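Chemist:
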Amino acid sequence: MQIQIFQSREALHRAVADRFIAAVKANPQSVLGLSTGSSPLETYANLVRDHQRNGTDYSKIHTFNLDEYVGLSGSHPQSYRYFMNAHLFRHLNIPIAQTHVPTGVGDLEKECERYEKEILEQGGIDLQLLGLGTNGHIGFNEPGTSFDSRTHVISLLKETIEANARFFSGKEEVPTKAITMGIQSIMDARQIVLLAYGSKKAAPIRDAVNGPITETMPASILQNHPDVTLYLDEEAASLL
Ligand code: GLP
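Those letters in the sequence shown? Residues 1 to 240, per this note's numbering, in order.
1) In chain order, what are the residues with a CB under 6 Å from some non-hydrogen atom of ligand 1?
2) How would you label I96, buried or exposed, when you count the other beta carbons within 10 angstroms and need 16 or more for buried?
3) Please state the DSSP three-state secondary structure of I221.
4) The beta strand (DSSP E) with E68 in it runs from where to where?
5) Kindly indicate which residue of T99, H137, A236 and E121 has the alpha-carbon position closest to the one of S59.
6) With DSSP as the reference, please indicate the residues paired to F6 in a beta bridge.
7) Could you tell me the distance, in whole angstroms, from the CA atom of H76 to the CA atom of V174?
8) Quick check on the DSSP output: the alpha helix (DSSP H) that includes K158 runs from which residue to which?
9) For T241 and E68, which I take to be in contact (beta-carbon distance under 8 Å), what is that distance rounded to the nearest angstrom?
10) Rounded to whole angstroms, what is the Cα-Cα separation between D18 and R206?
11) Distance check for A22 and E10, CA to CA, integer angstroms please.
12) With a 10 Å radius around its C-beta and 16 neighbouring C-beta atoms as the bar for buried, classify D213 as buried or exposed.
13) Can you give me the start and stop residues for the alpha helix (DSSP H) that H88 sits inside?
14) My parser needs the alpha helix (DSSP H) runs of 4 or more residues fully inside the stretch 188-216; what are they?
15) Could you check the C-alpha separation between R90 and G131 for me, to the nearest Å?
16) CB-CB under 6 Å to L92, same chain, minus the five flanking residues each way: which ones, in chain order?
17) Taking the beta strand (DSSP E) that V48 belongs to, which residues open and close that run?
18) What's the call for Q128, buried or exposed, on a 16-neighbour Cβ count within 10 Å?
19) Hey, out of Q184, Q122 and A26, whose CA is closest to F147's CA?
20) Quick one: what does DSSP say H100 is sitting in, helix, strand or coil?
21) Please tell me whether F20 and L12 are closer than 9 Å, where the distance is taken between their beta carbons.
22) Grab me the residues of Q7's own chain with a C-beta within less than 7 Å of its C-beta, minus the 5 sequence neighbours each way, in chain order.
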C-alpha cells in the first residue's frame, strides 16, 4: 500500500484528480471505476474545471460505478446515477452509453450478472476510485461480505443507513438494500485509489492499513492488492 498524506483537502482532491487526468491522457480509452458519497465531490469538481480549461478528452473512456440503491431509478435525485450525471458525466461530455451504473430497479439478479459481463467486455477496470465507509465498507460491501464476492445485492447495515440519512429527508427514506460491485470485482481493478479525509475515517483507515486482513473490515483486503494508493488528509491519517 502506498500512502500519501496531504495538509489540505484542496491539495488532496487536486492530487486525486491529477492522477485520473494523467491516466486518461496516457490512455484515452481508459476504463475508470468511480464512486459516490461526499468524498469524491471536490475531486469531480477538479476534473470538471480541468476539462473546461484544458479540454481533457473523455469521449472514449468507459466508467463503471461501484453501486446503486435498490428501488431508486436513475431519475431519483438521491440515486447514484443521478448524482454521477449531475456532478460529473454531463460536464465531461462522456457519451452516456459509456457510463455504467448498476440499475437498482427490475430483475436485480440479472442486473448483477450483466454488470460483471459489461466490465469484462470493456477489458476490466484500469483505475478504481474508492471512498471508505466509517465501518470499513468499500462500495456497499458491508462488514462480513465475502472477499470472493462479485456484483451482488446487499442489505445495508443500520450504521450505513444512519450515515447516509444526511442525503435524504429522513432515515426512513434511505433504501435498505443496494446493488454493489463485489470485493473481488474491486480487487480485479489494475490500480486502486482510496480517498479519505476527516477524523471519522481515522479508525477505519488504521484498521484497513494496520489491522488483520479480515472480512469484518472489508477495506483490509486492499493490503493484498499490488497497486493501491491511499490519499489521506492528516485527520484521516492520525491513527496510523
Ligand atoms: C456510501 C458509498 C461508498 C462511500 C461511502 C462513504 O456508503 N456507497 O462508496 O465510499 O458512502 O461516504 P462519504 O464519502 O460520504 O463519507
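A virtual CB, placed ideally from N, CA and C, is assigned to each residue, including glycine. Everything numeric in this text was worked out from a predicted model, so none of it was measured.
Modeler: So, from the data block:
1) S35, T36, G37, S38, S39, L66, D67, G131, L132, G133, G139, F140, T160 and N164
2) Within 10 angstroms of the beta-carbon of I96 lie fewer than 16 other beta-carbons, which makes it exposed.
3) helix
4) Judged by DSSP secondary structure, E68 falls within the beta strand (DSSP E) whose first and last residues are D67 to Y69.
5) Out of T99, H137, A236 and E121, T99 has the C-alpha closest to the C-alpha of S59.
6) D233
7) If I take the Cα positions, the gap works out to 12 Å.
8) Counted as a single uninterrupted DSSP element, the alpha helix (DSSP H) harbouring K158 occupies residues K158 to N164.
9) Any property of residue 241 remains undetermined from this structure, which presents the chain solely from 1 to 240.
10) Taking the straight line joining both Cα atoms gives about 25 Å.
11) 18 Å
12) Note that residue 213 is Ile in the sequence shown here, rather than Asp. Exposed, by the Cβ-count rule.
13) The sequence given here places Leu at residue 88; His does not occur at that position. No alpha helix (DSSP H) contains L88, which DSSP labels as neither H nor E.
14) The stretch 188-216 contains these whole alpha helix (DSSP H) runs: 202-210.
15) 22 Å
16) Excluding its 5 nearest sequence neighbours in each direction, L92 has C-beta neighbours in its own chain below 6 Å: H51 and Y58, listed in chain order.
17) First-last for V48: L41 to N54, but that is the alpha helix (DSSP H), not the beta strand (DSSP E).
18) buried
19) Answer by Cα proximity: Q184.
20) strand
21) No, the Cβ-Cβ distance between F20 and L12 is not below 9 Å.
22) E234
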